[in-house]
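> Please see the structure below; I have some questions.
2 protein chains.
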Amino acid sequence: MRPTVHDLAQSAGVSLATVDRVLNNRPGVKASTRSRVEEAIARIGFVRDVAAANLAKGRIYPLTFVVPSGDNSFMVSLRHQIEEAKTRSIAERTEIVMVEVPAFDAEALVAALRALRNDPPAGVAVVAVDTEEVRRELLALKASGVAIVTLVSDLEGFDRDHFAGVDNLAAGRTAGSLMARFLAGKTGRIGVIAGSMLVRDHQDRLIGFRERLAEINPSLVILPAEECHDDPHRVDAAARRLLAEAEGLVGIYNLGAGNRGLIAALSLMPSGPRPVAIAHELTDHTRAALEGGVIDVILNQDAGHEVRAAIRVMKAKSDGTPVIAAQERIRIDIFLKDNLP
Amino acid sequence: MRPTVHDLAQSAGVSLATVDRVLNNRPGVKASTRSRVEEAIARIGFVRDVAAANLAKGRIYPLTFVVPSGDNSFMVSLRHQIEEAKTRSIAERTEIVMVEVPAFDAEALVAALRALRNDPPAGVAVVAVDTEEVRRELLALKASGVAIVTLVSDLEGFDRDHFAGVDNLAAGRTAGSLMARFLAGKTGRIGVIAGSMLVRDHQDRLIGFRERLAEINPSLVILPAEECHDDPHRVDAAARRLLAEAEGLVGIYNLGAGNRGLIAALSLMPSGPRPVAIAHELTDHTRAALEGGVIDVILNQDAGHEVRAAIRVMKAKSDGTPVIAAQERIRIDIFLKDNLP
DNA sequence: CTGTTAGCGCTTTCAA
DNA sequence: TTGAAAGCGCTAACAG
């Protein structure tokens, strides 16, 4: 039988209450008594039963997700996954609140975070815009004991508890590799469509893409990125322009959202060889485009995994429990039409 | 406050014991009383607290993994992950036993499974060889209430509770796609190395690979698969033969284990264009080969994920709790040197 | 067939 | 600074 608090109390020659005080390092224990208990813990190999502790405490984990509003497919799916997680709240002892703020709006984000100060949750998961103010606000929360998880987009050099998202530089490099390999030495122009170069993820993807493409096949000409703000209409227009104007457009990479526009433009092309098309995020639209051969590769981050990982990490951090690092790492999924889930 | 058994008992006008009986559908409750309680459950929205139940029951989940012995890197890593899981046993209330049986040895497997009959665990996860006897043995365990999870390799049409592994037909198709796309219309010969054509996984991979390659570029000639029984030395020899003999060997696919042999053979090639090389399972060796450009693509199944999924599913099945399907699905990971974890 | 009562391992008043 | 005792939500004897 694994030792319990009773065994521990007996073994240390103190009462249950004292054991509990030491275990939860609460004040009011003489240093000598404390060390006597700690010694006993080591001696009998006591490991505290978190489930029992949570039961006794009636503990639930109040967790807040702060995410962008708007109808970008990926964010829609992220929010959907948060709703799904709410479904599991009773079983997982969580109480999840989702706060939506306008995308790319630092002030709104700051306000939302500040509002959490009054009644701080156990953890905050946030799709962060990177400004000084945002960092300050998150730091303040962290200082008051809130576990901070950055979601999807990380804050460079910021001491969050965890990042639940992918390495976008690596994602860009992966796109570059696949583009170059699929073109196998061919030369020509590559069109790039981005959301906004003000967002870190997109910057990183572009940098990685260019780097890798240049490494493998420097003869390819990468056209300047078209910023379409994740808007399908603008993506559509930009893609048409690229396809019509660029002589020898052999590849096209949409590193942002708005794939519906890309798919529409590609689908309208006259038959004949299509450029290699690579985009991000698996949605109903991109899945259909992959299956139909309109898009060749989809790079994906699993929103469900991100949300579940964020929750597990916030809970773990909030009670000092270890996390399984490999489990919480978010992969850069590469989907061809052949390995769709 | 969420309703408890007390509320339920009161609301149904019965005692705690009766509530408990219907909750765990134990016998000895009049049908009318039972329905009265069930009604109350629905009325007040009672959801049972599994953690508290487990505490009261002192419940632990005895789980048995039956896996092949031998030094194939993937199986080594699978066993390592099982050991890792043991590490978490106290927290997860599991008691994990790992039984090793010689690879591909149906009789030994049957014997190992039969031995579980005396004291059946809550769940069995097994890397199964597909024979009638094995199926019969697993069915018998299932009939006595044991949750059955097939690991890595599934049993076609068998009613297991879950399969924790990848779709190998899809994996083969993915390999075929990548091979064809990387070769971009080039013609030539493709060498294939397999472990054993008696194993379902390998059959499936080969079928998928051929199919897909033929669809995309029928001019490629796929050489007959060399069966090397996952042995690095034999793989090495086979690869050398292929590289030396085959005029215009443009690609090589190892769908089995023994990648050390493949890597050795490729590394010894005179400089000049190498064939596109695709293999399975990310290990220290294949990682280094990817990084060094010796291998182009590694398809992977995450052994850690498989083990964790198997455990979660066995626990869930064993107490009738739902599983999060998307979380337990094992992906076909595609690794290039750019997106290594 | 149904109910009473004493726990599971830990926390939390309330006294001392 | 310490301890005794009641209780978290559920289960399990043991009586009736």
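Listed in order, the protein sequences are those of chains A and B.
Reading the first sequence from the start, the letters are residues 1 to 341 in the UniProt record's numbering.
Reading the second sequence from the start, the letters are residues 1 to 341 in the UniProt record's numbering.
Note that CB positions come from ideal geometry on N, CA and C, so glycine has one too.
All of these numbers come straight from a predicted model, not from anything done at the bench.
Looking at R210/B: is its Cβ nearer than 9 Å to the Cβ of G172/B?
Their beta carbons are under 9 Å apart, which means R210/B touches G172/B by this criterion.
> Can the beta-carbon of V149/A be found closer than 9 Å to that of V126/A?
Yes, these two residues count as a Cβ contact at 9 Å.
> Classify N339/A: buried if its beta carbon has 16 or more other beta carbons within 10 angstroms, exposed otherwise.
N339/A is buried by the Cβ-count criterion.
> Using a Cβ cut-off of 8 Å, which residues of the region 18-34 of chain B contact any Cβ in chain A, in chain order?
Residues: none.
> Cutting at 6 Å between CB atoms, please list the residues of its own chain near D230/A, excluding the five before and the five after it.
So the list reads N72, G195, G256, A257, G258, once near-sequence residues are dropped.
> Any beta carbon from chain A within less than 9 Å of H280/B's own beta carbon?
Closer than 9 Å: no.
> Of the choices I90/A, T94/A, A40/A, R34/A, whose alpha-carbon is the least far from that of Y61/A?
Nearest of I90/A, T94/A, A40/A, R34/A to Y61/A, Cα basis: T94/A.
> Should the region 208-228 of chain A be called in touch with the region 174-185 of chain A, which here means at least 3 C-beta pairs below 8 Å?
Output reads yes: the region 174-185 of chain A touches the region 208-228 of chain A.
> Restricting to runs no shorter than 4 residues, where is the alpha helix (DSSP H) found entirely within the region 169-252 of chain B?
Runs of the alpha helix (DSSP H) inside the region 169-252 of chain B: 200-216, 232-245.
> Mapping the DSSP letters down to three states, classify I44/A as helix, strand or coil.
Correct three-state label for I44/A: helix.
> Can you pull the chain B neighbours of V47/A, defined as C-beta to C-beta under 9 Å?
Near V47/A (Cβ distances below 9 Å), the residues of chain B are I90, A91.
> Label M1/A either buried or exposed according to how many other C-beta atoms from any shown protein chain fall within 10 Å of its C-beta, with 16 as the threshold for buried.
Exposed, because fewer than 16 other Cβ atoms sit within 10 Å of the Cβ of M1/A.
> Counting contacts by CB-CB distance shorter than 9 Å, is Q203/B in contact with chain A?
Not an interface residue.
> Mind listing which residues of the region 192-218 of chain B have their C-beta closer than 7 Å to chain A's C-betas, in chain order?
So the close ones are R212.
> For the region 310-339 of chain B, which residues have a CB atom closer than 7 Å to at least one CB atom of chain A, in sequence order?
Listed by position, the residues of the region 310-339 of chain B near chain A (Cβ gap below 7 Å) are A326, Q327, R329, R331, I332, D333, I334, L336, D338, N339.
> Is V50/A helix, strand or coil when you go by DSSP?
Helix, per DSSP.
> If you draw a straight line from the C-alpha of A42/B to the C-alpha of I298/A, how long is it?
Cα to Cα, the separation comes out at about 44 Å.
> Roughly how many whole angstroms lie between the Cα atoms of V313/A and D302/A?
Near 16 Å, if we compare the C-alpha coordinates of D302/A and V313/A.
> Three-state secondary structure (DSSP) at S263/A?
With the sequence shown as reference, residue 263/A is identified as Ile, and Ser is not the correct amino acid for it. The answer is helix: DSSP assigns I263/A an H, G or I state.
> Can you tell me which residues form a DSSP beta bridge with P341/B?
DSSP lists no partner for P341/B.
> Determine whether the beta carbon atoms of V276/B and M179/B lie at a separation below 9 Å.
Yes, they are a contact pair.
> In whole angstroms, what is the alpha-carbon distance linking A279/A and N25/B?
Going from the Cα of A279/A to the Cα of N25/B covers about 52 Å.
> Would K142/B count as contacting chain A if we go by Cβ distances under 9 Å?
False, the Cβ-Cβ gap to chain A never drops below 9 Å.
> So is T64/B buried or exposed if we call it buried at 16+ other beta carbons inside 10 Å?
Buried, because 16 or more other Cβ atoms sit within 10 Å of the Cβ of T64/B.
> Checking contacts by CB at 9 Å: is F65/B closer than that to chain A?
So, not an interface residue.
> Nearest-angstrom Cα distance between L169/B and A143/B?
Cα to Cα, the separation comes out at about 30 Å.
> Quick check: is the beta carbon of D296/B nearer than 9 Å to any beta carbon in chain A?
By this cut-off, D296/B is an interface position.
> Looking at the unbroken beta strand (DSSP E) that takes in T94/A, where does it start and where does it end?
It spans 94-101 - the beta strand (DSSP E) in which T94/A sits, taken as one unbroken run.
> Grouping DSSP H, G and I as helix and E and B as strand, with all else coil, what is S163/B?
The sequence shown places Phe at residue 163/B, not Ser. Correct three-state label for F163/B: strand.
> Per DSSP, V19/A is paired with what?
DSSP output for V19/A lists no bridge partner at all.
> Using a C-beta cutoff of 9 Å, does H233/A count as contacting chain B?
Not closer than 9 Å to any Cβ of chain B, the Cβ of H233/A fails to qualify, so no.
> For a test of the three-state rule: what should DSSP assign to F104/B, helix, strand or coil?
Coil at F104/B, not helix or strand.
> If you compare alpha carbons, which of D119/B, A85/B, D319/B is closest to L23/B?
The shortest Cα separation from L23/B among D119/B, A85/B, D319/B belongs to D319/B.
> Mind listing the chain B neighbours of A184/A? Cutoff is C-beta to C-beta under 9 Å, in chain order.
Ordered by position in chain B, the residues that pass the 9 Å Cβ test against A184/A are R181, F182, L183, A184, G185, K186.
> Please report whether the beta-carbon of L55/B lies at a distance below 9 Å from any beta-carbon of chain A.
Yes, L55/B counts as interfacial toward chain A.
> Using a Cβ-Cβ distance under 9 Å, would D302/A count as near chain B?
Taking Cβ atoms only, chain B reaches closer than 9 Å to D302/A, which makes this a yes.
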